[in-house]
Amino acid sequence: MADDAGRVGRGGRPTRPGHPARTGRRGSLRLRITAAAVLAVALTLGAFALVFALVQQAVLADAPRSAASADVDRAVAALAGGSSPAVAVSGDADGALVAVFDSAGQLVATGGDDDLAASARQLAGAASGSRVSLDGDDFVVETDGAESVSTTTSTPSPSSSLSASAGPSASPSPEPEPAESSSDDDDALDEDDAAEAARDAADDASDAAEDASAAAAAAAAEGDDDLDVETVTTRWDVVAARSLDEAQAASSASLLTLGVAVPVALLVLGVTTWFVVGRALRPVESMRREVAEVTAANLSHRLADPGGGDEVSRLASTLNGMLDRLDASATAQRRFVGDASHELKTPLATIRQHAEVALLHPERIDGRALAGTVLGEEARLTSLVQGLLVLARADEGALGVARRPVDLDDLVLTEAARLRSGAATGAGGGAASGSGSTSGSDERVDRGVSVDATAVGPARVRGDEGLLGQVVRNLVANASRHARSAVAVGLVETADGRAVLTVDDDGAGVATDDRGRIFERFVRLDEARDRDAGGSGLGLAIVAEIVRVHGGEVRVETSPLGGARFVVDLPADPA
């Protein structure tokens, strides 16, 4: 009681007597499986969402950049073809802005979304692929350079000699006077009129440049040396910007969807796994409760098979098989204890009976007869105890076998000669043709049984000579006890490396149904359980154990003499 009261579990909590100490945290296989499944799926979905967001952002951002690059290419092509900057960037598109800057960085023309025209100067100096903020929104920028080529022609001034000889001639065309612009007119123009005027002027300049180029080309072709041709190259910087609002909105929507879908999916997965695992483990928990109630008093209880042929069903079959073995072992143990008690009680009762008679009536019993009786019963007790020791060591796997070459034919011939002399000893005989022989009786066989050993041939095995001699003694003594008149022994070494020993008798034989259990302990087929005729029932059990540890087998067949034939099959010594 004090020991039980002093036992504590983990965390200092006391345990109740008869109950195992609880662990600090009760492990639940159901909870662990659910948590592992949810965690694995969460990690997988998290990695997928991260990769998806990065790829989607790259893909969505690539579309505005491609559009901006197309805007730049279109404007550059127009400028290279001689179009004016205003014409090159003309067009209206929401979320797009195209600007042309001259070599000095001054804004020349803009196109695209009119609401963004006021922010065009912010694009000056922007690099390709960069992002800028226009009117509170993010834009991706693409830039490129463009060149436009224009030509001008002029007539040279006449020399003094030519002017003197020629007389009056037309004077050079006077330079056109620049038109004077009134400040009042400039103030009257609004920004749209100024842009329109700039575009018209650019168009006129472009047309004049084309005409001049054509005239220069024609003059050059005609070899007119009087015209001077001048080529003018103008460099432009074209910058296009596209809004990222749509890409960012689509990316945000996708992330929002994933942010809602992933937790919901994990919640559904966790609940589903919890119920599925719980349903799958329900039969296991039921079997656990049933097995916990099995004790030595009800080993015959068996678990119900849940069916289905799955792992749970196989577990139930395995547990039932274990219970079968435990039940059989407990039954055999109880039978063994009962039979051993009965066998030990009989010689002890005989000794006590003779001792009491000698005490009460010393004149009626001879001392020599009393001593003979006591010695005989003592020999039976010694043989029985020795047999029990052999079987106990065999059960524990401690039946020592000294592996050395043994001439089995010498052992067989020695036992045959002993039987012929009428002094058969059986250090551990067993149940035989219908009965089990004693485990070490020294009883005399005076019934005139003939022994035929002509079929004994040479055979050598590896094993323990003492234990193999006990096998031969038990079988020969068993056969002589149940033979009517004849016993035959044979030994042959087969071509496949086996040594086969046969012991035949002409007794009643062994029924087919009893040939399997005759090697069990304390099994005697004699209903009267006569100790002198049937023995203790340990001899053949000892034979079976010794043959087993030597790597052989023993069986019962029908003898050609009409009784029983015991066959011992052992591996022969290859040397």
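Heads up, the sequence shown stops at 752 in the numbering used here, and the numbers go up one at a time, no gaps. We put the beta carbon where it would ideally sit given N, CA and C, even for glycine.
Check: Euclidean distance between Cα positions of S260 and D290; Outcome: 21 Å
Check: Cα-Cα separation, N651 to L717; Outcome: 7 Å
Check: CB of T411 within 9 Å of CB of D279, strictly; Outcome: yes
Check: Whole-number beta carbon distance between V409 and V277, since they are thought to touch under 8 Å; Outcome: No, V277 and V409 are not in contact; Cβ-Cβ is about 17 Å, not under 8 Å.
Check: Proximity of L274 and A438 at Cβ, strictly below 9 Å; Outcome: no
Check: Cutoff 7 Å; reference V633; Cβ partners in own chain excluding five residues on either side; Outcome: D586, V589, L590, V666, G667, L668
Check: DSSP state of G302 mapped onto helix, strand, coil; Outcome: coil
Check: Terminal residues of the alpha helix (DSSP H) in which R597 lies; Outcome: 585–597
Check: Alpha carbon of G171 to alpha carbon of R207, nearest angstrom; Outcome: Missing from the structure shown is residue 171; the chain here goes from 178 to 752 and no further.
Check: Residue interval of the alpha helix (DSSP H) (run including T449); Outcome: 422–469
Check: Cβ contact (3+ pairs, closer than 8 Å) linking the region 286–303 and the region 428–437; Outcome: no
Check: H659 burial status per 10 Å Cβ neighbour count (16 or more: buried); Outcome: buried
Check: CB contact below 9 Å: S463 versus chain B; Outcome: The structure shown contains no chain B, having only a single protein chain.
Check: Beta bridge counterpart(s) of G322 as assigned by DSSP; Outcome: D414
Check: Separation of A212 from A226, as counted between CA atoms; Outcome: 21 Å
Check: Environment of A474 [buried if 16+ CB atoms lie within 10 Å]; Outcome: exposed
Check: Candidates R491, V687, P748, I723, of which the one nearest G646 by Cα; Outcome: I723
Check: Three CB pairs or more closer than 8 Å across the region 480–492 and the region 464–471; Outcome: yes
Check: Whole alpha helix (DSSP H) elements within the region 517–577, 4-residue minimum; Outcome: 544–572
Check: Nearest-angstrom Cβ-Cβ length linking V578 and G640, presumed shorter than 8 Å; Outcome: 6 Å
Check: Burial state of S518 (16 or more Cβ within 10 Å); Outcome: exposed
Check: Proximity below 9 Å, CB of D683 to CB of L596; Outcome: no
Check: Whole-angstrom distance between S657 and D619, CA atom to CA atom; Outcome: In this prediction, D619 scores a pLDDT of 37, lower than 50, which makes its location untrustworthy; the coordinate-derived value is nonetheless stated afterwards. For D619 and S657, the distance between alpha carbons rounds to 13 Å.
Check: Supposed close pair L421, P241 - CB separation, criterion 8 Å; Outcome: 6 Å
Check: Contacts around A254, its chain only, beta-carbon distance under 6 Å, and the 5 residues preceding and following it disregarded; Outcome: none
Check: Same chain, Cβ closer than 8 Å to L284, five either side skipped, listed in chain order; Outcome: A276, V277, F278, A297, R298, A301
Check: Residue nearest to E324 in terms of C-alpha spacing, selected from S305, G258, G288; Outcome: G258
Check: Where the alpha helix (DSSP H) through R580 begins and ends; Outcome: Taken as a continuous stretch (DSSP letters only), R580 belongs to no alpha helix (DSSP H), as it is neither H nor E.
Check: Through-space distance from D248 to V138, alpha-carbon basis; Outcome: Residue 138 lies beyond the stretch modelled for the chain, which goes from 178 to 752, so this question has no answer here.
Check: Nearest-angstrom beta carbon gap, F743 and A721 [assumed within contact, 8 Å]; Outcome: Incorrect: roughly 11 Å between the Cβ atoms, too far for contact.
Check: Separation of D691 from P524, as counted between CA atoms; Outcome: 28 Å
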